[in-house]
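> For the sequence shown, the residue numbers in mature numbering (1 follows the signal peptide of the UniProt record, and there is no 0) are -20 to -1, 1 to 171. Before anything else, here's the structure in question.
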Amino acid sequence: MTVSPVRAFLVLLCVYGVRCTNPVRAEIDQLKLLYQQMDAKLQEVAAENQRLKETVTRASHHANYSTIAFTARLSVDTELAAIETLKFDDLLLNLGSAYDPATGLFTARESGVYQLAVSLMSGGKEGYFVMSRNGNDGLSYLYTHSGIWYSSSSVLVVQLNAGDTVQVKSLYSPANLHQGKYSVFSGFLIK
């Protein structure tokens, strides 16, 4: 337990038997009151400081673990077989490393609401595609016409659980797609 300087001073006065006159007593009483007010204010500031530390900790946790966003596109014109996963291998953005260009899989790092989008452009052969969850749940279907420069797009907002995967697959062969900005897969965690 710490003793305040005012209390220590008062104890010394009592120990040495110093009698206080009324003006001195009034000043000591004022000092006591001031000390109590300052102590109460210190307790308020300490409590507010603790609340702010907790807020910063929560914000840091959210900033470090909840930034999930990716955009990837095909680096070359691509010919696909039936039931083949498209591997959008040209990464423009991959915050949270949730998209794997080697496999073409986006993996939800945490449960939440995500926006996912795919845009595909035909390279001359018609194509049927599916954006699927966990390899079999068809979230959205796309079709590209057999002529060149025909495109198909889909944008979804879906609830995903941590560990769920999303991919874009061709359904029938042969199909081919233009590369670059014409064929893109993207997504991000909303909340």
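Just so you know, even glycine gets a beta-carbon here, dropped at the ideal spot from N, CA and C.
For leucine 169, count neighbouring C-beta atoms within 10 Å of its own C-beta (all shown protein chains included) and say buried if the count is 16 or more, exposed if not.
When all chains shown are included, leucine 169 counts as buried.
> Once you ignore the five residues that flank aspartate 57 on each side, which residues in its own chain have a CB closer than 8 angstroms to its CB?
Within the same chain, aspartate 57 has close Cβ partners Gly103, Asn156, Leu157, His158 and Gln159.
> Assign serine 102 to one of three DSSP states: helix, strand, or coil.
The answer is strand: DSSP assigns serine 102 an E or B state.
> Mind checking which residues open and close the beta strand (DSSP E) that includes isoleucine 128?
Run containing isoleucine 128: 128 to 140, per the beta strand (DSSP E) assignment.
> Only counting the same chain, and skipping five residues up and downstream in sequence, which positions put a Cβ closer than 7 angstroms to that of isoleucine 128?
So the qualifying residues of the chain are Ser102, Gly103 and Gly104.
> State the Cα-Cα distance for the pair arginine 113 and leucine 119, rounded to the nearest angstrom.
Between arginine 113 and leucine 119, the C-alpha separation is close to 7 angstroms.
> For alanine 97 and phenylalanine 86, which I take to be in contact (beta-carbon distance under 8 angstroms), what is that distance rounded to the nearest angstrom?
In fact, because the Cβ distance is near 11 angstroms, the residues do not count as touching under 8 angstroms.
> For the region 60 to 73 against the region 140 to 154, are there 3 or more C-beta pairs whose distance is under 8 angstroms?
Yes, since at least three Cβ pairs between the region 60 to 73 and the region 140 to 154 fall closer than 8 angstroms, the two stretches touch.
> Please state whether the Cβ-Cβ distance between glutamate 106 and threonine 83 is less than 8 angstroms.
No, the pair does not count as a contact, with Cβ atoms beyond the cut-off.
> If you count every other CB in all the chains shown that lies within 10 Å of the CB of alanine 27, and 16 or more means buried, which is it?
Exposed.
> Is serine 99 near serine 131, with beta carbons less than 8 angstroms apart?
Yes.
> Excluding the 5 residues preceding and the 5 following leucine 136 in the sequence, name in chain order all residues of the same chain whose CB lies nearer than 8 angstroms to its CB.
Hits under 8 angstroms: Gln95, Leu96, Ala97, Met111, Leu119 and Ser120.
> Helix or strand or just coil, what does DSSP make of alanine 27?
Correct three-state label for alanine 27: helix.
> Using the DSSP secondary-structure output, state which residues sit across from alanine 52 in a beta bridge.
For alanine 52, which the question treats as bridged, DSSP gives the partners Leu71 and Phe165.
> Would you report the Cα separation of valine 25 and threonine -19, rounded to the nearest angstrom?
For valine 25 and threonine -19, the distance between alpha carbons rounds to 19 angstroms.
> In this structure, how does DSSP classify leucine 119 when only helix, strand and coil are distinguished?
Here leucine 119 sits in strand by DSSP.
> Using CA coordinates, which residue listed in Pro3, Glu90 and Phe68 is at the minimum distance from isoleucine 48?
Measuring from the Cα of isoleucine 48, the nearest candidate turns out to be Glu90.
> How would you write the range of the beta strand (DSSP E) that threonine 65 sits in, first residue to last?
Where threonine 65 is concerned, there is no enclosing beta strand (DSSP E), given that its DSSP letter is neither H nor E.
> Applying the criterion that 16 or more other CB atoms from any shown protein chain within 10 Å of the CB defines a buried residue, is serine 133 buried or exposed?
When all chains shown are included, serine 133 counts as exposed.
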